Amino acid sequence: MADHLLGHRGPIGLLLFRLYTVAFYTSVTMSLVVPEAGQFQHILRLLNTNVEGKQRIMFALTAIKGVGRRYANLCCKKADIDMNKRAGELTNEELERLINIIQNPLQYKIPKWFLNRQKDIKDGQYSQILSNSLDNKLREDLERLKKIRNHRGLRHFWGLRVRGQHTKTTGRRGKTVGVSKKKVWWWWWYCCGR
Numbered sequence: 001m002a003d004h005l006l007g008h009r010g011p012i013g014l015l016l017f018r019l020y021t022v023a024f025y026t027s028v029t030m031s032l033v034v035p036e037a038g039q040f041q042h043i044l045r046l047l048n049t050n051v052e053g054k055q056r057i058m059f060a061l062t063a064i065k066g067v068g069r070r071y072a073n074l075c076c077k078k079a080d081i082d083m084n085k086r087a088g089e090l091t092n093e094e095l096e097r098l099i100n101i102i103q104n105p106l107q108y109k110i111p112k113w114f115l116n117r118q119k120d121i122k123d124g125q126y127s128q129i130l131s132n133s134l135d136n137k138l139r140e141d142l143e144r145l146k147k148i149r150n151h152r153g154l155r156h157f158w159g160l161r162v163r164g165q166h167t168k169t170t171g172r173r174g175k176t177v178g179v180s181k182k183k184v185w186w187w188w189w190y191c192c193g194r
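UniProt numbering puts the sequence shown at residues 1 to 194.
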């Protein structure tokens with residue numbers, strides 16, 4: 001394989017051999033190879049979100065609110081898309097298929113426990129909430145909790161920790177209230193010392 005390099009002895013031959021093996025065994029899928037300039041898209045617009053075209057498809061999809069790495073991985077597998085492909089290399093048919101799977105996961109046999117909105121309070125449905133509707137649902141939930149004077153809702157309203165954390169020392173926001181010795185001395189002199 002590298003017989004022509006065996007004539008070189010010492011560090012130069014070893015360096016040449018290493019360079020040869022790295023160049024020979026490096027996978028082409030690891031680097032960004034743009035086949036034609038017209039086909040590659042540097043920025044994609046998916047579900048009201050700008051998606052980076054240079055990233056791999058699984059990690060590029062995580063830019064969409066409501067899509068994490070595991071959900072993106074599962075959707076790419078259901079759509080039969082190569083994980084080593086960059087987001088800008090996908091064809092329009094692949095993108096449409098992928099968006100359809102992301103928006104309608106139950107039709108493609110993605111389990112209910114994988115979704116981010118389970119047993120919705122209004123209709124009891126299981127669904128995957130994405131992009132702008134995720135913010136709306138979160139705001140509606142917080143308003144509902146505040147309206148019914150729930151403990152979680154009140155803690156959100158007061159700006160305190162919700163999940164049972166200690167609040168004595170951490171999470172202090174706003175103006176610090178401390179005692180300055182100088183101020184105490186002037187106050188004592190003004191009131192009592194004269």
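Even for Gly, the Cβ is constructed at its ideal location relative to N, Cα and C.
Model, not experiment: these values are computed from the prediction.
Note the first and the last residue of the continuous alpha helix (DSSP H) segment covering residue 84.
Careful: residue 84 lies outside any alpha helix (DSSP H) and carries neither H nor E.
So, at 7 Å on beta carbons, what are the nonlocal neighbours of residue 60 in its own chain, with the 5 sequence-adjacent residues on each side left out?
Contacts found: 51, 52 and 87.
Spatial neighbours of residue 108 within its chain, please: C-beta separation below 6 Å, excluding the five flanking residues on both sides.
78 and 101
Count the other C-beta atoms from every protein chain shown that fall within 10 angstroms of the C-beta of residue 76, then say buried if there are 16 or more, exposed otherwise.
Under this definition residue 76 is a buried residue.
Whole-Å CB distance - residue 136 paired with residue 128, under 8 Å assumed
With 8 Å as the limit, residue 136 and residue 128 do not qualify as a contact, their Cβ atoms being about 14 Å apart.
Report the rounded CA-to-CA distance for residue 62 versus residue 68, giving the unit in angstroms.
5 Å
Measure the C-alpha to C-alpha separation of residue 130 and residue 48 and round it to an integer number of angstroms.
10 Å
Whole-angstrom distance between residue 41 and residue 139, CA atom to CA atom
34 Å
Neighbourhood of residue 112 by C-beta distance below 6 Å, restricted to the same chain and skipping five residues each side
Within its own chain, the residues whose Cβ lies closer than 6 Å to the Cβ of residue 112, once the five positions on either side in sequence are excluded, are 126, listed in chain order.
Residue 153 and residue 161 - do their beta-carbons sit closer together than 8 Å?
no
Hey, residue 216 and residue 94 are a contact pair by Cβ (cut 8 Å); roughly how many whole angstroms apart?
A query on residue 216 cannot be resolved here, the shown segment of the chain reaching from 1 to 194 and no further.
Thinking C-alpha only, which one of 46, 11 and 123 is nearest residue 64?
The residue with the shortest Cα to Cα distance from residue 64 is 46.
Look at the Cβ atom of residue 74, then the Cβ atom of residue 17, and state whether they are nearer than 8 Å.
no
Check residue 45 in the structure and name its three-state DSSP category.
Strand.
DSSP state of residue 50, grouped into three classes?
strand
By DSSP's criteria, residue 56 is part of a beta bridge. Which residues make up the other side?
Its beta-bridge partners are 86.
Taking 7 Å as the limit between beta carbons, can you name the residues of its chain near residue 134, skipping five residues before and five after?
65 and 66
Contiguous alpha helix (DSSP H) assignments of at least 4 residues, all confined to the segment 97 to 162
Entirely contained in the segment 97 to 162, the alpha helix (DSSP H) runs reaching 4 residues are, in chain order, 131 to 147 and 151 to 158.
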